[in-house]
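The block underneath contains the structure these notes are about, expressed in structure tokens.
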Amino acid sequence: MPAVNETTPPDRALQATRAVAVGSLLGLIVLGLAWELWLAPTGRGTLAWKVLPLVLPLSGLLKHRMYTYRWVSLFVWLYFIEGVVRATTEPGIVVLLGSIEVLLCVVLFAACAFHVRWRLSRPREAT
Numbered sequence: 010m011p012a013v014n015e016t017t018p019p020d021r022a023l024q025a026t027r028a029v030a031v032g033s034l035l036g037l038i039v040l041g042l043a044w045e046l047w048l049a050p051t052g053r054g055t056l057a058w059k060v061l062p063l064v065l066p067l068s069g070l071l072k073h074r075m076y077t078y079r080w081v082s083l084f085v086w087l088y089f090i091e092g093v094v095r096a097t098t099e100p101g102i103v104v105l106l107g108s109i110e111v112l113l114c115v116v117l118f119a120a121c122a123f124h125v126r127w128r129l130s131r132p133r134e135a136t
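For the sequence shown, the numbering used here begins at 10 and goes up steadily by one.
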């Protein structure tokens, strides 16, 4: 049995960050669709297309692709900015929806950042 280094997180930590990342990404997708199609649509629901780029990284996150975790942690800030702007400039339920979007973006960023950090800190196994 290999020795466990103190700095090496258990596989449970990686599984947890993956679950949180996938969950918050799915939350952003559902929120974006519900927001633009039912809750507070702008126009005729044409802005629901903004959710499409969020579907692309889902496969990479599920397959533990490091590259996907890295670029999603940068990409999510576009949705963060949208949430902040809409929460502070529009009235009504949009304030709540924008705040939820901001929260989901921060959670997704943190999960991706921790996942990448922990995977990079793990010693490579001999192949």
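Here a beta-carbon is modelled for each residue, glycine too, at the ideal position from N, C-alpha and C.
Quick one: is Ala120 buried, meaning 16 or more other Cβ sit within 10 Å of its Cβ, or exposed?
By one-based count along the sequence shown, residue 120 stands at place 111. Burial call: buried.
Assuming Leu40 contacts Ile102 (C-beta within less than 8 Å), just tell me the rounded distance between them.
Residue numbering aside, residue 40 sits at position 31 when the sequence shown is read from its first letter. Residue numbering aside, residue 102 sits at position 93 when the sequence shown is read from its first letter. Their Cβ separation, rounded to whole angstroms, is 12 Å, which puts Leu40 and Ile102 out of contact at 8 Å.
Going by C-alpha distance, which of Leu56, Arg128, Thr97 and Gly92 is nearest Val115?
Position 106 of the sequence shown holds residue 115. Residue nearest to Val115 within the set Leu56, Arg128, Thr97 and Gly92 is Gly92 (criterion: CA-CA distance).
For His73, count neighbouring C-beta atoms within 10 Å of its own C-beta (all shown protein chains included) and say buried if the count is 16 or more, exposed if not.
Reading the sequence shown from its first residue, position 64 is the one you call residue 73. Under this definition His73 is an exposed residue.
Under three-state DSSP, which class holds Thr77?
What you label residue 77 is simply residue 68 of the sequence shown in a count that begins at 1. In the three-state DSSP reduction, Thr77 falls in the helix class (H, G or I).
Below 7 Å between beta carbons: does that hold for Ser82 and Phe123?
Start at 1 with the first residue of the sequence shown, and residue 82 comes out as number 73. Start at 1 with the first residue of the sequence shown, and residue 123 comes out as number 114. Contact flag unset, no.
Just mark Ala28 as buried or exposed, buried being the case when its beta carbon has 16 or more other beta carbons within 10 Å.
As a position in the sequence shown, residue 28 is number 19, starting the count at 1. By the neighbour-count rule (16 or more Cβ atoms within 10 Å), Ala28 is not buried but exposed.
Which class does Lys72 belong to by DSSP, given the choice of helix, strand or coil?
Stepping through the sequence shown from its first residue, residue 72 is reached at position 63. Coil at Lys72, not helix or strand.
Does the distance from the CB of Leu63 to the CB of Leu37 come in under 7 Å?
Reading the sequence shown from its first residue, position 54 is the one you call residue 63. Reading the sequence shown from its first residue, position 28 is the one you call residue 37. Leu63 places its beta carbon less than 7 Å from that of Leu37.
Where Pro11 sits in the DSSP three-state scheme:
As a working note, residue 11 is residue 2 in the sequence shown. Because the pLDDT of Pro11 is 48, which lies under 50, any placement of that residue in the model is unreliable, and the question is left without a value.
With 16 as the cutoff for other CB atoms within 10 Å, does Arg95 come out buried or exposed?
To locate residue 95, count along the sequence shown from 1; it is residue 86. By the neighbour-count rule (16 or more Cβ atoms within 10 Å), Arg95 is buried.
According to DSSP, is Gly92 helix, strand or coil?
For this step, residue 92 is matched to residue 83 along the sequence shown. Helix.
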